[in-house]
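Just below is one structure, and these are the notes that go with it.
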Amino acid sequence: MNAEALMDLAPVVPVVVLHDPDAAVPLARALVSGGLPVIEITLRTPAGLESILRIAREVPDAVVGAGTVVRPADAERAVSAGARFLVSPGCTPALREAMTGTSLPFLPGVATASEAMALLEHGVTAMKFFPAEAAGGRTALKAIAGPLPGVRFCPTGGVTLQSAADYLALPNVGCVGGTWLTPTDAVERGDWDRIKGLAAEASALRA
């Protein structure tokens with residue numbers, strides 16, 4: 004699987020911040036059951052890597068990846084934990100080389116045309132557009148589509164269920180990333196039915 008194929012698996016990629024790895028498996032099962040198999044677990048907390056490990060072992064239908072990959076060492080640790088893809092908020096030459104070296108699909112973060120062009124020089128055509136709303140949202144992506152027709156994006160940052168459909172209607176958007184699918188209160192209460200319902204709403208965006 005390459006990054007282009009990854010973006011075609013589901014219209015929305017849940018961006019998940021977990022503080023308790025015990026929640027990882029039931030949460031992943033709820034998301035998959037709701038129709039969203041691609042799950043980005045961020046490395047923003049100490050629970051991130053352990054959560055990836057547990058999902059990789061116990062939820063075979065989930066395609067679990069690591070988000071907030073900011074150092075080359077993050078990419079290596081994510082691979083060891085069983086991540087199947089990598090996502091970064093931005094990209095440096097060293098980080099790009101490290102992610103390429105894992106042979107996993109990866110979505111490096113960009114916010115400008117220049118950043119996208121720098122990655123294109125190395126054959127990267129699938130990218131994360133971050134922070135999407137703050138960086139110009141759909142207006143910016145429409146403008147970039149003209150000079151950079153070969154790039155597809157996963158806009159993340161400020162995207163909601165209401166705006167996701169408009170993003171997905173753009174020809175250079177493969178999927179969107181969203182944090183709204185795993186509300187903190189629902190995760191803390193173990194309200195997996197609620198999360199399954201939110202996932203089902205999001206998966207219907209490409210029905």
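Number 5 in this note's numbering belongs to position 2 of the sequence shown; there are no gaps in the numbering.
Every residue gets a Cβ at the ideal spot worked out from N, C-alpha and C, and that includes glycine.
The beta carbon of Val41 sits closer than 6 Å to the beta carbons of Leu12, Ala13, Val16, Val66 from its chain, once the five residues preceding and following it are set aside; these are given in chain order. Of the candidates Gly139, Thr142, Leu52, Arg99, the residue whose Cα lies closest to the Cα of Ala129 is Arg99. Taking each of Gly139, Glu191, Val35 in turn and checking the Cα distance to Tyr170, the smallest one comes out for Gly139. DSSP places Pro75 inside the alpha helix (DSSP H), whose first and last residues are 75 to 84.
The Cβ neighbour count for Asp196, taken over all protein chains shown within 10 Å, is under 16; the residue is labelled exposed.
In the structure shown, Thr103 adopts helical secondary structure according to DSSP, grouped into three states. At a Cβ-Cβ threshold of 8 Å, Val176 and Ala26 do not count as neighbours. By the Cβ test, the stretch 87 to 99 is not in contact with the stretch 139 to 155, since fewer than three Cβ pairs between them sit closer than 8 Å. Here Gly160 is buried, its C-beta having at least 16 other C-beta atoms within 10 Å. Within the model, the alpha-carbon separation for Trp183 versus Leu164 is close to 8 Å.
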